[in-house]
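J.: Numbering (this note's numbering), first residue to last: 226 to 382. Just so it is clear, CB atoms sit at the ideal spot from N, CA and C, and this is done for glycine as well. This is the structure I have questions about; it appears just below.
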């Protein structure tokens with residue numbers, strides 16, 4: 226079952242963010258705590274949204290955390306999927322596909338024309354899964370990012 230996250234899901238979401246970071250060999254980069262997620266998802270002006278995948282017995286199996294982006298070429302919003310994660314012992318049960326299907330439904334219902342995300346180049350199982358759904362890599366684009374010192378330096382007066 227897929228459902229929208231509620232505030233009581235924040236501890237499980239935070240735990241899964243850390244599990245995902247560990248899988249991606251980047252646990253030391255996680256700075257967000259439960260309060261940061263609570264504010265981003267359920268604060269006065271939510272900037273992100275989340276959906277939860279549950280097993281039939283109500284166990285949290287995974288999550289999708291996303292936010293809106295915008296295409297100037299198409300003139301409409303889309304969804305950028307920040308994280309998609311299914312707990313390892315529950316993979317293969319259709320939870321990841323169900324989460325992506327729910328985001329695709331939201332796109333269709335709201336007239337959004339893109340559902341986008343990034344995947345690590347070494348993550349062959351995820352790449353194969355995404356391609357099996359019809360997703361295609363955007364090989365002509367390279368992602369750039371400013372963080373920490375470089376961001377502070379550029380943003381300083």
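Using the Cβ count rule (16 or more neighbours within 10 Å means buried), how would you classify residue 291?
T.: Under this definition residue 291 is a buried residue.
J.: Enumerate in chain order the residues of its own chain whose CB-to-CB distance from residue 241 is below 6 Å, with the five nearest sequence positions on each side excluded.
T.: Taken in chain order, the residues that qualify are 288 and 310.
J.: Say whether chain B places a C-beta atom closer than 7 Å to the C-beta of residue 308.
T.: Considering every chain present, this structure includes no chain B. It has just one protein chain.
J.: Can you say whether residue 321 is buried or exposed, counting buried as having 16 or more other CB atoms within 10 angstroms of its CB?
T.: Classification for residue 321: buried.
J.: Hey, residue 249 and residue 315 are a contact pair by Cβ (cut 8 Å); roughly how many whole angstroms apart?
T.: So it is not a contact: roughly 18 Å between Cβ atoms.
J.: Quick check: the stretch 257 to 265 against the stretch 300 to 307, are there 3 or more CB pairs under 8 Å?
T.: Taking 8 Å as the limit for Cβ pairs, the verdict is that the stretch 300 to 307 does not touch the stretch 257 to 265.
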